[in-house]
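Numbering (my numbering), first residue to last: 139 to 350. First up is the structure itself, then whatever we jot down about it.
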């Protein structure tokens, strides 16, 4: 069987460490979008730049989704479009509703967008985010780990999981489990893709747009 999983979570939740561990265990890794290409745009500072990044990310996500199609065994992506949406919402440049409309249009025109087999969400305490950031070789700035930024990211994930079909979401507490333990949970999980029509997914995102 082929399985395509996505590792999600706020900044410093432990995604990269888990991805590296999964790779050593034989999983095929699809790196996060900022390391997937060489021309990723810089962090936005206003509405126009935020929209530029969102459109760039959406086109990139289509390519990343295609990579997992038809591969043998387990493929794991380090973040995907939901993470980008959470970050756009957290930065609060007023673009999230435009971003959701772009995604709805893409769902209408793309067969496999947002259709992984399972999303693993690493949940982490804010104090652990700060402590882990201090231990990084290169500290992340407030644009990534500011308390309000983290709070808004978490809120977006909560709303998303409440509205969009969540049968294939698996929450893992990365504050209490080691990277090795998290990796073993992911490898031992066998969740096949939920059958969701384009119409169902579009309706969900319309509802998300109304509630975020």
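The beta carbon of each residue, even a glycine, is placed where N, CA and C say it ideally should be. As the structure is a prediction and not an experimental result, all values here were calculated from the model.
Residue-chain proximity (residue i, chain B), Cβ-Cβ < 7 Å
| i | result |
| --- | --- |
| residue 182 | Here chain B cannot be found, since the structure has a single protein chain. |
Where the alpha helix (DSSP H) through residue i begins and ends
| i | result |
| --- | --- |
| residue 363 | Lying outside 139 to 350, the shown extent of the chain, residue 363 is not represented and no answer is given. |
| residue 278 | Residue 278 -> no alpha helix (DSSP H), and no H or E assigned at all. |
| residue 157 | 153 to 162 |
Residue i - DSSP class collapsed to helix/strand/coil
| i | result |
| --- | --- |
| residue 206 | helix |
| residue 214 | strand |
| residue 231 | coil |
| residue 330 | coil |
| residue 172 | helix |
| residue 248 | coil |
| residue 221 | helix |
| residue 240 | helix |
| residue 336 | helix |
| residue 316 | coil |
| residue 272 | helix |
| residue 178 | coil |
| residue 262 | coil |
| residue 186 | helix |
Backbone CA spacing between residue i and residue j [nearest angstrom]
| i | j | result |
| --- | --- | --- |
| residue 177 | residue 183 | 18 Å |
| residue 255 | residue 169 | 17 Å |
| residue 241 | residue 319 | 34 Å |
| residue 247 | residue 175 | 23 Å |
| residue 159 | residue 206 | 19 Å |
| residue 298 | residue 162 | 31 Å |
| residue 235 | residue 196 | 14 Å |
| residue 307 | residue 325 | 15 Å |
| residue 156 | residue 341 | 33 Å |
| residue 202 | residue 245 | 15 Å |
| residue 213 | residue 279 | 30 Å |
| residue 250 | residue 263 | 33 Å |
| residue 194 | residue 344 | 22 Å |
| residue 252 | residue 286 | 27 Å |
| residue 147 | residue 173 | 17 Å |
| residue 311 | residue 336 | 31 Å |
| residue 237 | residue 199 | 13 Å |
| residue 269 | residue 191 | 29 Å |
DSSP beta-bridge partners of residue i
| i | result |
| --- | --- |
| residue 343 | DSSP output for residue 343 lists no bridge partner at all. |
| residue 307 | 257 |
| residue 167 | 214 |
Local Cβ density within 10 Å of residue i, reported as buried at 16 or more and exposed below that
| i | result |
| --- | --- |
| residue 300 | exposed |
| residue 314 | exposed |
| residue 333 | exposed |
| residue 277 | exposed |
| residue 218 | buried |
| residue 186 | exposed |
| residue 338 | exposed |
| residue 265 | exposed |
| residue 223 | buried |
| residue 239 | exposed |
| residue 316 | exposed |
Limits of the unbroken beta strand (DSSP E) element including residue i
| i | result |
| --- | --- |
| residue 145 | 141 to 147 |
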